[in-house]
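Trainee: In UniProt numbering, the protein residues as written are 1 to 159. Glycine is no exception: its CB is placed at the ideal position from the N, C-alpha and C atoms. Quick one: the structure is below, questions incoming.
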Amino acid sequence: MTDNPSTSPAGAEDAPHGIALNRTFDARRELVFEAWTTPEHFAYWFGGELAVPVERMTMDARPGGVWTLVMRTPDGGELPFSGVYREVAAPERLEFTLKDTAAPSSEGEIVRVTLTDLGDRTEMAFRQLGGNLTSEQYRQAEAGWAGFFDRLTELLARA
């Protein structure tokens with residue numbers, strides 16, 4: 001895989017709406033998993049340039065556990081997100097729901113993160129599925145996640 005995000009796999013045009021991104025990080029798999037499941041780490045990279053105050057988030061990383069966070073926008077607004085962990089298999093896999101206040105579905109989108117051990121490096125396969133967003137919203141979300149993963153790369157480089 002590459003260090004750059006890739007978009008949809010072959011044939012995805014025919015698949016339900018969603019996002020597929022792959023990244024390879026110069027960090028051990030356990031560290032990447034911790035970055036997804038530790039509030040201080042997640043708050044650093046989720047949201048990209050938007051602030052995610054740690055005191056405005058909760059994270060119960062176990063099957064059935066709930067997570068919530070509120071991002072602050074530059075104009076002082078707030079963007080709340082929440083979800084439920086469906087699978088937590090440290091350090092190789094996470095699956096959780098992702099919902100914001102604009103999500104039409106009661107459950108929201110499904111996020112799947114698979115981490116493959118490459119020694120001192122980790123390959124991450126990220127998928128967001130659900131078909132609850134328009135094509136334009138998926139394009140925007142994909143660009144957002146790509147920026148988030150740039151911040152995740154920064155965080156892991158400091159570890």
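Considering only C-alpha positions, which residue in the set A35, E78, V88 is nearest to A61?
Mentor: Within the sequence shown, numbered from 1, the residue matching residue 61 stands at position 61. The shortest Cα separation from A61 among A35, E78, V88 belongs to V88.
Trainee: If you check the beta carbons only, do H17 and G144 fall under 8 Å apart?
Mentor: Within the sequence shown, residue 17 is the residue found at index 17, counting from 1. Within the sequence shown, residue 144 is the residue found at index 144, counting from 1. Taking 8 Å as the Cβ cut-off, H17 and G144 do not qualify as a contacting pair.
Trainee: Does the Cβ of G64 have 16 or more other Cβ atoms within 10 Å, making it buried, or fewer, making it exposed?
Mentor: In the sequence shown, counting from the first residue as 1, residue 64 sits at position 64. G64 should be labelled exposed.
Trainee: Do T97 and V113 have their C-beta atoms within less than 8 Å of each other?
Mentor: If you number the sequence shown from 1, residue 97 lands on position 97. If you number the sequence shown from 1, residue 113 lands on position 113. No; because the gap between Cβ atoms is not below 8 Å, this pair is not in contact.
Trainee: Using DSSP's beta-bridge definition, name the partner residues of V111.
Mentor: Counting from one through the sequence shown, the residue named residue 111 turns up at place 111. Partner(s): F96, Q128.
Trainee: Where does T122 land, buried or exposed, given buried means 16+ other C-beta within 10 angstroms?
Mentor: Position 122 of the sequence shown holds residue 122. Classification for T122: buried.
Trainee: Going by alpha carbons, who is nearest to A141 out of F42, T116, G48?
Mentor: Within the sequence shown, the letter at position 141 stands for residue 141. The residue with the shortest Cα to Cα distance from A141 is G48.
Trainee: Counting only the same chain and skipping the five closest in sequence on each side, list residues whose C-beta sits under 6 Å from that of R29.
Mentor: Here residue 29 refers to the residue found at position 29 when the sequence shown is read from its first residue. Closer than 6 Å at the Cβ level, and outside the excluded window around R29, lie P91, L115, D117, T122.
Trainee: Could you check which residue in D100, V32, M71 has the C-alpha nearest to that of A157?
Mentor: In the sequence shown, counting from the first residue as 1, residue 157 sits at position 157. When only C-alpha atoms are compared, the closest one is V32.
Trainee: Could you spell out where the alpha helix (DSSP H) holding G147 opens and where it closes?
Mentor: The residue you call residue 147 lines up with position 147 of the sequence shown. Here the alpha helix (DSSP H) through G147 covers 135-158.
Trainee: If you run the structure through DSSP and keep just helix, strand and coil, what is F33?
Mentor: As a working note, residue 33 is residue 33 in the sequence shown. Residue state, collapsed to three classes: helix.
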